[in-house]
Amino acid sequence: MKNVMQPSIKRKDGLMNSTLVLLMAVTCGMVVANIYYNQPLLLMIAETFRVSEGKVSVIATITQVGYTLGLFFVVPLGDKTERRKLILWKLAGAVISMLMAAVAVNYYMMVAASLLIGFFSAVPQLLLPMAATLAPDEARGKIVGKVMSGLLIGILLSRTLSGLIGAHLGWRAVFLIGAAIMIILLMVLYRKLPPDPPVFSGSYGSLMRSLFSLIKNFPPLRQAAITSFLMFGAFSIFWTTLVFLLEGAPFFYKSDAVGMFGLIGACGALAAPMAGKSADRKGPQFAIRLGIIATLVSFVIMGASATSLAGLIAGVILLDIGMQVTHISNQSKVFALLPAARSRLNTVYMSSAFSGGAIGSLLGAQVWSHWHWTGVCFLGGTFVMIALLLNLQQQKK
4 MKNVMQPSIK RKDGLMNSTL VLLMAVTCGM VVANIYYNQP LLLMIAETFR
54 VSEGKVSVIA TITQVGYTLG LFFVVPLGDK TERRKLILWK LAGAVISMLM
104 AAVAVNYYMM VAASLLIGFF SAVPQLLLPM AATLAPDEAR GKIVGKVMSG
154 LLIGILLSRT LSGLIGAHLG WRAVFLIGAA IMIILLMVLY RKLPPDPPVF
204 SGSYGSLMRS LFSLIKNFPP LRQAAITSFL MFGAFSIFWT TLVFLLEGAP
254 FFYKSDAVGM FGLIGACGAL AAPMAGKSAD RKGPQFAIRL GIIATLVSFV
304 IMGASATSLA GLIAGVILLD IGMQVTHISN QSKVFALLPA ARSRLNTVYM
354 SSAFSGGAIG SLLGAQVWSH WHWTGVCFLG GTFVMIALLL NLQQQKK
């Protein structure tokens, strides 16, 4: 535990100014969008490569698998290697993988490109612990909430952007434009991102072993990780299958209209900074339970709204508010556990989250093929109900 417990480096509050917070938030949103561009485009990609709905859904799943791998094997290096350097290298990899997807000549090349897109798009999970480290203690939750709001808006608006571009220019144009955005970010961050010296001096092997020490020694980390697995699983169950619902009867929407649901959900991103403030004032556990309950109610509403546009819209807004409140509060709790290990703590937490997301995408597609929308909402609601029961049981302890 010697390396795990190394002291954190003290930062000057002035390093974390409003311009840097905005840059980090924008970067998080633009980079995380890479792993969600494909969702409104799945049917278009299926037509191009002449594969089934079930087979094309693997593209959404493998992208999140790649993200999880990048989280687990690279993000811990943020405690050992200068984070700024890691961020720039990962952005360069994202450029190459996005171009690979744009020129994919068959389904298998697209799957490989999607895996790499996910792997190199874990940049936000380096920026978030960096923001937590640079932020003053009394405003950490608020600042992390602001940066996180950029990530959450990016997750949601990525679907809107890709749906609109895909409908008018084709799905390949989405990945070309995404690559251009990564190049711009690479140049801006090279000039503007401050240095962030590492705090871990051991080997890569000892760094990775310390992940298991953190899991063993911090019960709140285990609870947060399980909660994030279940909540992101439910989130992906919904968003992976929504395109199948909306492009069929009675809606018959095209990808641009499907993508607009991301814009609707982005309204909920306003809850992220408020969740951060709540975590600073009252502690995160109350907000976590509130967010889980809101998410559960959203699945009830959407389960009864298979043919109701108004019901789906209401459910989407509530789903994203609940998800964001839960996630921000959970992450604030995790970052407070051990300042010297924030990259590794975030690795455990977010690896669990995106493992849940990948499994949710896979299960959601399978459930859709057998039980359609009712089965999808029942499965998502079950994930959320388990998360609620676990958190209520923890409260009793």
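In our numbering, the protein residues as written are 4 to 400. We put the beta carbon where it would ideally sit given N, CA and C, even for glycine.
> So Ile240 is in the alpha helix (DSSP H); what residue range does that whole segment cover?
Replying inline: Looking at the DSSP string, the run of the alpha helix (DSSP H) that includes Ile240 is Pro222 to Leu249.
> Which residues in the same chain have their Cβ closer than 7 Å to the Cβ of Asn109, if we skip the five residues on either side of it in sequence?
Replying inline: Within the same chain, Phe52 come within 7 Å of Asn109 by CB-CB distance, once the 5 residues on both sides are set aside.
> If you draw a straight line from the C-alpha of Ser21 to the C-alpha of Leu192, how long is it?
Replying inline: Whole-angstrom Cα-Cα distance: 15 Å.
> Which value, in whole angstroms, describes the spacing of the CA atoms of Gly378 and Phe235?
Replying inline: Between Gly378 and Phe235, the C-alpha separation is close to 17 Å.
>> Along the chain, where does the alpha helix (DSSP H) containing Leu266 start, and where does it finish?
In response: Where Leu266 is concerned, the enclosing alpha helix (DSSP H) stretches over Ser258 to Ala269.
> Thinking C-alpha only, which one of Val177, Arg86, Leu45 and Leu80 is nearest Met33?
Replying inline: Of Val177, Arg86, Leu45 and Leu80, the residue nearest in Cα terms is Val177.
> What three-state label does DSSP hand Thr329 in the structure shown?
Replying inline: For Thr329, the three-state secondary structure derived from DSSP is helix.
>> Less than 8 Å between the C-beta atoms of Gly367 and Asp323, yes or no?
In response: Remark: C-beta atoms of Gly367 and Asp323 do not approach each other more closely than 8 Å.
> Could you give the residue range of the alpha helix (DSSP H) that holds Ala344?
Replying inline: From DSSP, Ala344 is part of no alpha helix (DSSP H); its letter is neither H nor E.
> Quick one: complete alpha helix (DSSP H) runs, 4+ long, within the stretch 166-225?
Replying inline: Complete alpha helix (DSSP H) runs here, min 4: 174-195 and 207-220.
> Quick one: what does DSSP say Met103 is sitting in, helix, strand or coil?
Replying inline: Met103 carries a helical assignment under DSSP once its states are collapsed to helix, strand and coil.
> Is it right to say Trp376 is buried, meaning 16 or more other beta carbons lie within 10 angstroms of its own, or is it exposed?
Replying inline: It is buried - the Cβ of Trp376 has at least 16 other Cβ atoms within 10 Å.
>> For Val106, count the other beta carbons within 10 Å of its own beta carbon; 16 or more makes it buried, fewer makes it exposed. Which is it?
In response: The residue in question, Val106, is exposed, as its Cβ has fewer than 16 Cβ neighbours within 10 Å.
> Which residue from Leu365, Ala49 and Pro43 puts its Cα closest to that of Leu167?
Replying inline: Nearest option by C-alpha distance: Pro43.
>> Between which residues of its own chain and Trp371 is the CB-CB distance below 6 Å, once the five residues before and five after are set aside?
In response: Only Thr244, Phe247 and Val379 meet the Cβ criterion.
> Buried or exposed: Ala138, going by 16 or more other Cβ atoms within 10 Å of its Cβ?
Replying inline: Classification of Ala138: buried, given that the 10 Å Cβ count is 16 or more.
> Start and end of the alpha helix (DSSP H) containing Phe123?
Replying inline: Note, Phe123: alpha helix (DSSP H), Tyr110 to Phe123.
> Between Ile180 and Asn349, what straight-line distance do the alpha-carbon atoms span, to the nearest angstrom?
Replying inline: If I take the Cα positions, the gap works out to 29 Å.
> Are the CB atoms of Gly314 and Ser301 nearer to each other than 8 Å?
Replying inline: In this structure, the beta-carbon distance from Gly314 to Ser301 does not fall below 8 Å.
> In three-state terms, what does DSSP make of Thr84?
Replying inline: The answer is coil: DSSP assigns Thr84 none of H, G, I, E or B.
>> For the pair the stretch 206-223 and the stretch 341-348, tell me if three or more CB-CB distances fall below 8 Å.
In response: Verdict: yes, contact present.
>> Would Ser354 and Leu89 qualify as a contact pair, given that the criterion is a beta-carbon distance under 8 Å?
In response: No.
>> Relative to the C-alpha of Val24, which candidate in Ser100, Ile146 and Trp92 has its C-alpha closest?
In response: Minimum Cα distance to Val24 is reached at Ile146.
>> Let's test the definition: count the other Cβ atoms within 10 Å of the Cβ of Phe357 and tell me whether it reaches 16, buried, or not, exposed.
In response: If you draw a 10 Å sphere on the C-beta of Phe357, you find 16 or more other C-beta atoms in it, and that means buried.
>> Report the start-end ranges of each beta strand (DSSP E) in the stretch 19-68 that is 3 residues or longer and not cut off at the edges.
In response: None, since the stretch 19-68 contains no complete beta strand (DSSP E) of that length.
>> DSSP three-state label for Pro139, please.
In response: Taken through DSSP and simplified to helix, strand or coil, Pro139 comes out as coil.
> Using the C-alpha atoms, what's the distance from Ile389 back to Phe381?
Replying inline: Straight-line measurement puts the Cα of Ile389 at about 12 Å from the Cα of Phe381.
> So Val98 packs on Ile186, CB below 8 Å; how close in whole Å?
Replying inline: Rounded to the nearest angstrom, the Cβ distance from Val98 to Ile186 is 6 Å, consistent with a contact under 8 Å.
> Going along the chain, which residues of its own chain have a beta-carbon closer than 6 Å to the beta-carbon of Ile38, five neighbours each way excluded?
Replying inline: Contacts found: Thr66, Tyr70, Gly121 and Ser124.
> Taking just the CA atoms, how far does Val68 sit from Leu233?
Replying inline: Approximately 16 Å, taken between the alpha carbons.
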